[in-house]
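Here is the structure we will look at.
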Amino acid sequence: MIALPRLRRGVVILTIIGVGSLLASCTDKADSGATKGGNEPAKLTVTATDDACTVSSADAPSGTLTFAVTNKGSKVNEFYLFAEDGVRVVGEVENIGPGLTRNLVVRIKPGTYVAACKPGMTGDGIRSDFTVTDSGEAVAAPAIETLLSEATEQYTAFVRTEADELLEKTEAFAGLYREGKDDEARASYAPTRIHWERIEPVAESFGDVDPKLDLREADLEAGQDWTGWHRIEKDLWPPANDASYVPLTTAQRAALADQLVADTKDLRGRVSVVTLSPDQLSNGAKELLDEVATGKVTGEEEVWSGTDLWDFQANVDGAKMAFEVLEPVLREKDPALLTELDERFDDVQKLLDAQKKGEGFVNYRELSPEQVKAMADAVNALGEPLSRLTAAVVL
Amino acid sequence: MNADETPPTNDNVQDPATLRAPTSSSVESRGLSRRRLLGAAGVGAAAVAAGVAAIKARNGTDTVTAASPSDTGAVSFYGAHQAGIVTPAQDRLHFAAFDVTTTSRDRLIRLLQQWTDAAAKMTQGLPVGEFGAVDGSPLAPPDDSGEALGLSASRLTITIGFGPSLFETATGVDRFGIADRRPRSLTALPLFPKDNLSPARSGGDLCVQACADDPQVAVHAVRNLARIAFGTATVRWSQLGFGRTSSTSTAQITPRNLFGFKDGTANLKAEDPALLDEHVWVPSSAQDANGAWLAGGSYLVARRISMRIETWDRTSLTEQERLIGRTKSDGAPMSGGTEFTAPDFEAIGARDEPLIPVGSHLRLAHPSANNGSRILRRGYNFTDGSDGLGRLDAGLFFIAFVRDPATHYIPMQLQLSKNDTLMEYLQHTGSALFAVPPGVASPSGFLGETLFI
């Protein structure tokens, strides 16, 4: 659909929110202890200039800490929290332009740390010791880092398998279309595309592939060359009410089919070497639900074939996979969110199951307005807690 | 016109305490009697020529003084330019596009005269018609619908414009003998990538932009103008806006759009007439003789931009700020500083990536990415309830005034539609372009008269 380097942006989000906090152990509920009452997270301020780095306090209680870093200098600044060795990054916030304030939020266990500002983003930075006292919270030490890396491995394997299947089925589909076997091509259209829809955020992260493969007619710019799935879709399900539609010639079909295969090969090649980070899993899940909410629930994705529910299911499958591989992390960090997401995924699936037909689903146009509304509600009910997944697992 | 009746101009805002007068006697007392206005409007070429001369005389010497945003008084209707452009943006909008149903040039002119008369009154807090809302015959329906009785003028402005279809139909029919006077740039806007335009929210032969601080006053204005138009023109579509999204004066703070961000920080402001001449007002030009009548006017671009509110709300703060290019807290560019600090597009952050992302709205909409072109934004947040799927049917009703859409709007929008990463959360659902004629210099003139001389 819309080509955006989303996963790459995701990387930035991760680093700003605080990569290294993965390394810090976490507690169930942050207790700010000494500096603040109740369960409010402790908040510190950091005043960074071109030659000074002043933290409002040299110590804080364990739990969730927020550093509000204000750059009062003239250079772009960064703020780091290092482990005691001064090397391992516990948390960082970057790209603090002059005059701006940026927050670093970390969950952190008792110990000795090093705080540092890095004016101009170079050098060792201006450092000072920072002590985290024991707030009294039971500090478990689950191997979150290991769990996250396992999750990422599993998800990467899933993405690669899907890309492989996509290529295999796309080659078969392209052959049918090229040879004019329209009935068979129509039958394999949606079952092939599900492998694309399951990994769409990863595919979209390669900005130039997505518009070639998945652009809808409505998104075209005047004079732009239209290739990919939806161009073929329109030719296989020509508009009934538009007498002006001219079916593609054999040569045009062959060119489109070849291009589809070539672009899918390109995608598969890139996926086979992609490296993902944990936040890309959770953000990708959120984006898949966005896709459902804006394109599939409304029947805007597959305007000619009406196979939107196949895509809907595939988007949900992709999101669910990300959720499931992250489940062990979530169980440690936010079990309530885990329970809620489980229920919401089930609710959506029940609605989809009710529309199953044969190997797939009924045509989108057969849905009543009430059924569409119920699906939209279920998607919103899932999308909202799903949007909290990134902060829950990587913070 | 007597010398002592020289009307106030847009330069001034009248007594803030002006209240909508319920009786015709107070109409008289303000020198705005309906008969006098009609007499003036109905006169022939001499008076029209005088009006044009007055406009010309005022061009070039026009200055604008901003009123305090809290001012609830009356904005003058008369001036070299129509009010409602550089007037400090009011809080509420009712915008209406009309299809002209008559084929008679005379009736069209008559409508413009009647609208001028009604607008002159309503903007001063007065009811329309000879007898207003309650002082006519008990056996007749009141001239004025009455819901604005007792309300202040609320800084109401009424701004009208002419769509391309007024001049010529799609099949080339010259409807009112003005086809050869269509300005070169007054053509339907192109279809931009990702546009999902509804014909029922697009186009129109005429437009009325009614802005006021009180929503009831704005709605009253459009309602009464539509009533006057029955038989000559009919409402094609209309749009309510509940909150301004831009400031047109440095005296106003920058409001927020429905994404929660300050919007229109870099807007053109009333306090800089040189920039307005450069970017907003149509100049007298020998290059476009057909459009000479539009000198001192402007073009109004209207776009109904739906926002995907629900998915936006699920987006992380960092991502939101990267899409916009500014901080959410105070609107400072990501390169640093405060709201009005000039963005530094060269500033580099981590991993050698620009602090203001390449695909951010700020970067792509900025004059430096658009040949230096600037626009005067005057948009409003809207919500039209929900969409039937439990989602807000809401967004930004974008209004911009530019001196030439071909240089000041179309290239920018094309670039945004193609490359702005924010487009993932936007969909343009309505579109229209209007030529906004110059203002009415005096009660002897009428809106659009330069077109019909």
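Note that the protein sequences, when read in sequence, are chains A and B. Residue numbers for the first sequence follow the working numbering, beginning at 1 and rising by one. Residue numbers for the second sequence follow the working numbering, beginning at 1 and rising by one. Don't be surprised by glycine CBs; every beta carbon is placed ideally from N, CA and C.
Cβ-Cβ distance between residue i and residue j below 7 Å
| i | j | result |
| --- | --- | --- |
| V282(B) | R378(B) | no |
| T383(B) | L396(B) | no |
| T102(B) | T232(B) | yes |
| E184(A) | V261(A) | no |
| R201(B) | G385(B) | no |
| C211(B) | G125(B) | no |
| D214(A) | W226(A) | no |
| F77(B) | L414(B) | no |
| P397(A) | S135(A) | No statement about residue 397(A) is possible, as the shown extent of chain A runs from 1 to 395 and does not include it. |
| R92(B) | P215(B) | yes |
| D288(B) | R175(B) | no |
| L326(A) | A151(A) | yes |
| T123(B) | L149(B) | no |
Nearest residue (CA-CA) to residue i, options the options
| i | options | result |
| --- | --- | --- |
| I232(A) | Q259(A), F206(A), D208(A), L330(A) | Q259(A) |
| I96(A) | R322(B), V128(B), V235(B), G132(B) | R322(B) |
| R223(B) | L268(B), F382(B), E147(B), Q124(B) | E147(B) |
| D85(A) | R127(A), G269(A), F79(A) | R127(A) |
| L112(B) | E424(B), G161(B), T315(B), G337(B) | G161(B) |
| F242(B) | A406(B), Q90(B), G79(B) | Q90(B) |
| P385(A) | T327(B), D330(B), T311(B), P437(B) | T311(B) |
| I453(B) | N290(B), R363(B), R92(B) | N290(B) |
| L148(A) | V106(A), A374(A), L281(A) | L281(A) |
| T161(A) | V273(A), F130(A), P238(A), N103(A) | V273(A) |
| A391(A) | I324(B), G163(B), E319(B) | E319(B) |
| A218(B) | L151(B), L206(B), R351(B) | L151(B) |
| S444(B) | R92(B), A400(B), Q114(B), F230(B) | Q114(B) |
| A285(A) | N241(A), R198(A), E370(A) | R198(A) |
| N77(A) | A68(A), L65(A), V93(A), F67(A) | V93(A) |
| T353(A) | L309(A), E366(A), K333(A) | Inspection of the sequence shows that residue 353(A) is occupied by Asp rather than by Thr. With distances taken between Cα atoms, D353(A) lies closest to L309(A). |
| V209(A) | D59(A), V271(A), Q371(A) | V271(A) |
Integer Cβ distance of residue i from residue j, believed to fall under 8 Å
| i | j | result |
| --- | --- | --- |
| T101(A) | T70(A) | 4 Å |
| F167(B) | A302(B) | With a Cβ gap of about 18 Å, F167(B) and A302(B) do not count as contacting. |
| T54(A) | R308(B) | Contact doesn't hold; Cβ gap of about 42 Å is too wide. |
| Y364(A) | G318(A) | Not a contact, Cβ separation roughly 19 Å. |
| V132(A) | F79(A) | Going by Cβ atoms, the distance from V132(A) to F79(A) rounds to 16 Å, so no, they are not a contact pair. |
| N380(A) | G129(B) | The Cβ separation is near 49 Å, so there is no contact. |
| D213(B) | S154(B) | 4 Å |
Opening and closing residue of the beta strand (DSSP E) in which residue i lies
| i | result |
| --- | --- |
| G385(B) | 380 to 386 |
| P61(A) | 59 to 61 |
| N77(A) | 77 to 82 |
| R304(B) | 298 to 307 |
| K43(A) | 42 to 48 |
| T133(A) | 126 to 133 |
| D214(B) | Premise fails: D214(B) is in no beta strand (DSSP E) and is neither H nor E. |
| R107(A) | 101 to 108 |
| Q427(B) | 426 to 436 |
| T54(A) | 53 to 55 |
For residue i, the first and last residue of its enclosing alpha helix (DSSP H)
| i | result |
| --- | --- |
| R155(B) | It is not in any alpha helix (DSSP H) - R155(B) carries neither H nor E in the DSSP assignment. |
| F478(B) | This structure does not reach residue 478(B), given that chain B is present from 1 up to 453, and the question cannot be answered. |
| F323(A) | 308 to 333 |
| S165(B) | 164 to 167 |
| Y177(A) | 144 to 178 |
| H361(B) | 361 to 365 |
| V393(A) | 389 to 394 |
Same chain, Cβ closer than 8 Å to residue i, neighbours up to 5 away in sequence not counted
| i | result |
| --- | --- |
| G372(B) | none |
| H279(B) | L268, S373, R374, I375, L376, V402, R403, H408 |
| A266(B) | H366, P367, R374 |
| G73(A) | A48, T49, D50, D51, P98, P119 |
| S145(B) | A133, H220, R223, N224, R227 |
| G325(B) | P333, M334, P343, I356, P357, S360, H361, L362, R363 |
| L236(A) | Y177, D182, A185, R186, Y189, W304, S305 |
| R193(A) | W229, T307, W310, D311, A314 |
Residues of its chain near residue i, where Cβ-Cβ distance is below 7 Å and the 5 sequence neighbours each way are ignored
| i | result |
| --- | --- |
| K265(A) | L167 |
| N257(B) | T245, D263, N381, L396 |
| D180(B) | N290 |
Residues of its chain near residue i, where Cβ-Cβ distance is below 6 Å and the 5 sequence neighbours each way are ignored
| i | result |
| --- | --- |
| L355(B) | M334, S335, A347, G349 |
| L158(A) | The question names Leu, but residue 158(A) in the sequence shown is Phe. Correct list, in chain order: M321. |
| A257(A) | A174, Y177, R178 |
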